[in-house]
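Read the structure below first, then the notes.
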Amino acid sequence: MIKLSIKERREQFLFFTALFVFTVGLLSFGIFYSDTSRYEISKEELEVKISENEAFENMVKETSPTIDTTYKQITRYNPNVQAVFLKNDIQNSLGSIRAAFDRKASDSRYKIFVQTAQLYDRLFYDRQEQNRNITDIELHKRQLDDCITNRRQLQQTISAR
696 MIKLSIKERR EQFLFFTALF VFTVGLLSFG IFYSDTSRYE ISKEELEVKI SENEAFENMV
756 KETSPTIDTT YKQITRYNPN VQAVFLKNDI QNSLGSIRAA FDRKASDSRY KIFVQTAQLY
816 DRLFYDRQEQ NRNITDIELH KRQLDDCITN RRQLQQTISA R
């Protein structure tokens, strides 16, 4: 075994440390450095992206009046009125909202139209169900009032005897 002086040991330690740092740096550079940026986008891709965004915005502008009108129709809908065309109009409007998704189903942004149609369909169903419940409550109130009236009449006839 070779005996080294403290100065020589220090020099070898610094040499191996520098060699280690240089090797790690070189390997890191080789592994992580890429000559093309992953965030880099070509002019053509940017134009396509912008045109897709414009198409989506135009679709939203085109569909917004239908969505607003459908909401107003649903909130004003009265199931007691026997007008089948009102229900059909609402169903057709919901179908046209869904159709906006079908134009470009591959783009996830267009799912908003299907979700809106599902929400409004549920709102329409709940509106009809709410009206049925109100009608049932009114019927039960009338039946309760009739029952109370009949009970009073029976009490009066029993107490009169």
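One gets the working numbering by counting positions in the sequence shown from 1 and adding 695 to each.
Note that beta-carbon positions come from the ideal geometry of N, C-alpha and C, so glycine has one too.
Three or more C-beta pairs under 8 angstroms: does that hold for the segment 834-850 against the segment 789-802?
The segment 834-850 is not in contact with the segment 789-802.
What is the DSSP secondary structure of Y820, reduced to helix, strand or coil?
Three-state result, Y820: helix.
Got a sec? Which residues, its chain only, sit under 6 angstroms from A812 by beta carbon, not counting five neighbours each side?
Counting only Cβ-Cβ distances below 6 angstroms, and skipping sequence neighbours, we find L789, I792 and R793.
Is the Cβ-Cβ distance between T765 and I785 less than 8 angstroms?
In this structure, I785 lies closer than 8 angstroms to T765 by Cβ.
Tell me whether the segment 816-830 and the segment 768-775 touch, counting them as touching only if at least three CB pairs, one residue from each stretch, are closer than 8 angstroms.
The segment 816-830 is in contact with the segment 768-775.
Taking C-beta to C-beta, are R817 and I769 nearer than 8 angstroms?
The answer is no: Cβ separation not under 8 angstroms.
For the segment 775-839, list the alpha helix (DSSP H) runs that are entirely contained and at least 4 residues long, ordered along the chain.
Complete alpha helix (DSSP H) runs here, min 4: 779-798.
Return yes when the Cβ of F796 is within less than 8 angstroms of the Cβ of F808, no when it is not.
Closer than 8 angstroms, so yes.
CB-CB under 6 angstroms to F751, same chain, minus the five flanking residues each way: which ones, in chain order?
Same-chain partners within the cutoff: R804.
DSSP three-state label for E735, please.
Coil, per DSSP.
Could you tell me the distance, in whole angstroms, from the CA atom of Q838 to the CA atom of L781?
The alpha-carbon atoms of Q838 and L781 are separated by roughly 32 angstroms.
Specify the secondary structure class of E746 as computed by DSSP and reduced to three states.
Before going on, a small fix: residue 746 reads as Ser here, not Glu. If DSSP states are grouped into helix, strand and coil, S746 belongs with the helices.
Examine the ligand SAM and report whether any of its heavy atoms sits within less than 7 angstroms of the Cβ of I769.
What this structure holds is no ligand at all, so the ligand SAM is not there to describe.
Could you tell me the alpha carbon to alpha carbon distance between Y815 and K767, rounded to whole angstroms?
Cα to Cα, Y815 sits roughly 11 angstroms from K767.
Give me the Cα-Cα distance between D763 and R798, rounded to the nearest whole angstrom.
Rounded to the nearest angstrom, the two C-alpha atoms are 20 angstroms apart.
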